[in-house]
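For the sequence shown, this note's numbering gives the first residue as 6, with consecutive numbering after it. By construction, the Cβ of each residue, glycine as well, lies at the ideal position given by its N, Cα and C atoms. Owing to the predicted nature of the structure, the values given are computational and were not obtained by experimental measurement. Read the structure below first, then the notes.
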Amino acid sequence: VRMIGHLRDAITAGDLSVHYQPKTDPATGQVHGAEALVRWEHPEHGRVSPDEFIPLAEQTGLIRPLTTLVLDTALATCAEWRRQGHHLGVAVNLSARSLSDTELPTRVGKALRRAGLPAAALTLEITETAVMADLGRSVAVLQDLRALGVRLSVDDFGTGQSSLAYLKQLPIHEMKIDRTFVLGLADDQGDAAIVRAALGLGHALGLRVVAEGVEDAVALALLADWGCDLVQGYHVSRPLPPDGFQQWLDTRN
Ligand code: G
Ligand code: G
Ligand code: NA
Ligand code: MN
Numbered sequence: 006v007r008m009i010g011h012l013r014d015a016i017t018a019g020d021l022s023v024h025y026q027p028k029t030d031p032a033t034g035q036v037h038g039a040e041a042l043v044r045w046e047h048p049e050h051g052r053v054s055p056d057e058f059i060p061l062a063e064q065t066g067l068i069r070p071l072t073t074l075v076l077d078t079a080l081a082t083c084a085e086w087r088r089q090g091h092h093l094g095v096a097v098n099l100s101a102r103s104l105s106d107t108e109l110p111t112r113v114g115k116a117l118r119r120a121g122l123p124a125a126a127l128t129l130e131i132t133e134t135a136v137m138a139d140l141g142r143s144v145a146v147l148q149d150l151r152a153l154g155v156r157l158s159v160d161d162f163g164t165g166q167s168s169l170a171y172l173k174q175l176p177i178h179e180m181k182i183d184r185t186f187v188l189g190l191a192d193d194q195g196d197a198a199i200v201r202a203a204l205g206l207g208h209a210l211g212l213r214v215v216a217e218g219v220e221d222a223v224a225l226a227l228l229a230d231w232g233c234d235l236v237q238g239y240h241v242s243r244p245l246p247p248d249g250f251q252q253w254l255d256t257r258n
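Here you go:
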């Protein structure tokens with residue numbers, strides 16, 4: 006319970022930060038963009054995982070200011086990359102609650118204007134489970150976001166309450182194959198089969214396919230071979246604070 010007050014303070018005091026993990030082309034190594042991941046360094050408890058505080062924020066109405074903070078921070082950072090000559094996009098995760106917030110598209114549009122970025126610079130990552138939680142409203146919100154020109158990505162594909170029927174209906178651009186399948190890619194024939202099938206499905210639907218959880222060179226090489234569009238994982242880089250990410254970019258290109 007005390008954590009709620011702490012989280013509210015953390016949002017206003019600036020104790021939340023945003024780290025960035027690159028999304029790269031497995032064949033060329035080219036950097037396409039980065040996923041923004043919120044971090045909370047608690048003065049007493051140390052680092053608190055978003056897996057703990059995002060649900061808390063959803064229950065207490067803090068998810069709106071938190072999402073706005075992450076959006077503003079990530080978009081400002083993306084605008085800075087572009088000023089430095091790196092033409093990248095940025096991806097922000099949306100919680101289930103945010104997806105049924107009919108004012109979200111307006112707030113996203115305002116955040117893009119504050120940052121001076123085109124909508125196509127932003128990808129929003131959503132999970133199927135979040136969409137299913139309030140299907141009617143989620144679809145309306147997603148359609149408004151898509152109308153803005155924002156890119157939509159289905160995160161953790163294959164682990165949620167998946168329904169292939171919705172995959173066809175949702176206005177999405179990208180599919181992220183969940184890391185639980187990617188981690189075992191090199192050793193487990195079942196995982197390899199699932200990843201290849203997901204790639205085929207995503208491509209057949211005209212989606213860009215991202216594999217997350219790429220932890221070694223073998224997985225990277227297989228994914229490149231199989232025509233996976235983008236990869237993300239510790240083998241390429243861990244999520245980095247903004248200055249670390251900027252350095253990573255500079256030494257790479
Ligand atoms: O980066 P890490 O493994 O700690 O993230 C844990 C979980 O928290 C992941 O599911 C990730 O999508 C989620 N997460 C990270 N940052 C954000 C954020 O800014 N908003 C939301 N809603 N979820 C986030
Ligand atoms: O749910 P979502 O896909 O947004 O989760 C992103 C989380 O995955 C982040 O917390 C990030 O720290 C974590 N992550 C990123 N790359 C890897 C990886 O290569 N291996 C593992 N195990 N986790 C990763
Ligand atoms: Na994500
Ligand atoms: Mn994911």
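- With distances taken between CA atoms, Y25 lies nearest to V95 out of V95, T65, G189.
- Each residue's CA atom was taken as its position, placing Q174 and L129 some 17 Å apart.
- Around the beta carbon of L169, fewer than 16 other beta carbons lie within 10 angstroms, which makes this residue exposed.
- The count of Cβ pairs closer than 8 Å, one atom from the region 144-163 and one from the region 65-77, stays below three, leaving the stretches out of contact.
- Scanning D139, I177, V144 for the CA closest to the CA of G154 turns up I177.
- Residue pairing by DSSP leaves M8 without any beta bridge partner.
- In this structure, the straight-line span from the alpha carbon of E40 to that of V97 is close to 6 Å.
- Put simply, the backbone Cα of D106 is about 20 Å away from that of V43.
- The region 237-244 makes contact with the region 18-33, as at least three CB pairs between them are under 8 Å.
- For S22, the uninterrupted beta strand (DSSP E) segment begins and ends at 21-29.
- Three or more beta-carbon pairs separated by less than 8 Å are not found between the region 79-86 and the region 54-64, which leaves the two stretches without contact.
- A direct Cα-to-Cα measurement between T164 and T134 gives close to 9 Å.
- Under the DSSP assignment, R213 falls in the beta strand (DSSP E) whose first and last residues are 213-217.
- For R201, there is no enclosing beta strand (DSSP E); the enclosing alpha helix (DSSP H) has its first and last residue at 194-209.
- At a cut-off of 7 Å, the beta-carbon of R52 does not count as near ligand 2: no heavy atom of the ligand is closer than that.
- Rounded to the nearest angstrom, the gap between the Cα atoms of R52 and L12 is 12 Å.
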